[in-house]
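Trainee: The structure that follows is given in the form of structure tokens.
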Amino acid sequence: MTTVLPTLADISNAALTDALRHTLNNKTKPIGSLGRIEDLALAIGQILGSTAPVLEQPQMVVFAGDHGLTARGVSAFPSDVTWQMVENFLAGGAAVSILARQSGIALTVVDCGVKRDFLAGLPAGAQRAGLQVRKAAGAEHGTADSSTQAAMTATQRDEALRHGVELVKALPGNALLLGEMGIGNTSAASLLLSRLAGLDIDVCTGAGTGLDAPAVLRKTE
443 MTTVLPTLAD ISNAALTDAL RHTLNNKTKP IGSLGRIEDL ALAIGQILGS
493 TAPVLEQPQM VVFAGDHGLT ARGVSAFPSD VTWQMVENFL AGGAAVSILA
543 RQSGIALTVV DCGVKRDFLA GLPAGAQRAG LQVRKAAGAE HGTADSSTQA
593 AMTATQRDEA LRHGVELVKA LPGNALLLGE MGIGNTSAAS LLLSRLAGLD
643 IDVCTGAGTG LDAPAVLRKT E
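All residue numbers in the sequence shown are consecutive under this note's numbering, ending with 663.
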């Protein structure tokens, strides 16, 4: 079964790109002196279709979930750190929380499948500020160990994708930043990159949370 995702609009517009470059190059500064900031400004202008783009109600969304691969010891930290970090996000103590707050960016944390009930003890129907619970059925406690079986079923995958699309569509603003949290995340990402790009797994795998060389070797195995 093939999942069809929404397509992205074509933002290519040579005239707009030229106008944006002209605007950037005629600021009171040497051409290109702001480095990648200029590339970012150009991209934002292209996306918003304006030579004077304005970011309105920017949103930061962090998706959190546990990875079954952690059972193999692929991380330097236990899986409990996932839910602890989610609580830190919600309490405003994490780096992303502080940067978002200082930048005037709304932060939403999405529980996609963390081994934790963040609404435990609350009245029925009650919610927590800044938290969205969007667990896929059957994956409420994270994914399966993908070294022994599929991490998710096709149904769970489709549900997770649908949750993400629906959540983002409901958010206000015209700018979206995405993040993720989950112990074992770099192992899962390495597997996906290897499969999708046709690369050897050792090329795609790194130290993640600070593993030493022997641990990285175990991780690739």
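Note that beta-carbon positions come from the ideal geometry of N, C-alpha and C, so glycine has one too. Bear in mind that the values here come from a model prediction, so they are computed numbers and not experimental data.
(1) Tell me the DSSP secondary structure of M527 in three-state form.
(2) State the DSSP-derived secondary structure class of L447, mapped to helix, strand or coil.
(3) Any idea if V496 is buried or exposed, counting beta-carbon neighbours within 10 angstroms, 16 or more meaning buried?
(4) Measure the alpha-carbon distance for Q499 versus L659 and round it to whole angstroms.
(5) Round the Cβ separation of Q574 and L609 to the nearest angstrom and send it over; I've been treating them as touching at under 8 angstroms.
(6) Please report the straight-line C-alpha distance between G487 and P448, rounded to a whole angstrom.
(7) Exposed or buried, which one is Q591 when buried takes at least 16 other CB atoms within 10 Å?
(8) With a Cβ-Cβ cutoff of 8 angstroms, do A586 and A578 count as a contact?
(9) Over what stretch of residues does the alpha helix (DSSP H) that includes D460 continue unbroken?
(10) When the Cα atoms are used, what is the spatial distance from T445 to C554?
(11) At 3 residues or longer, what runs of the beta strand (DSSP E) sit wholly inside the stretch 593–624?
(12) Ignoring anything shorter than 3 residues, give me the beta strand (DSSP E) runs that lie fully in the stretch 541–575, in order along the chain.
(13) Following the continuous alpha helix (DSSP H) through A655, name the residue where it begins and the one where it ends.
(14) Would you mind reading off the limits of the alpha helix (DSSP H) that contains Q488?
(15) Quick one: measure Cβ to Cβ for V528 and V503, integer angstroms, because I've assumed they're closer than 8 angstroms.
(16) Tell me the rounded alpha-carbon separation between H464 and G563.
(17) Buried or exposed: which applies to I625, given that a residue is buried once 16 or more other Cβ atoms fall within 10 Å of its Cβ?
Mentor: The relevant details are as follows:
(1) helix
(2) coil
(3) exposed
(4) 44 angstroms
(5) 6 angstroms
(6) 22 angstroms
(7) exposed
(8) no
(9) A456 to N467
(10) 19 angstroms
(11) 618–623
(12) 548–555 and 573–575
(13) A655 to T662
(14) R478 to L490
(15) About 13 angstroms separates the two Cβ atoms, so there is no contact after all.
(16) 57 angstroms
(17) buried
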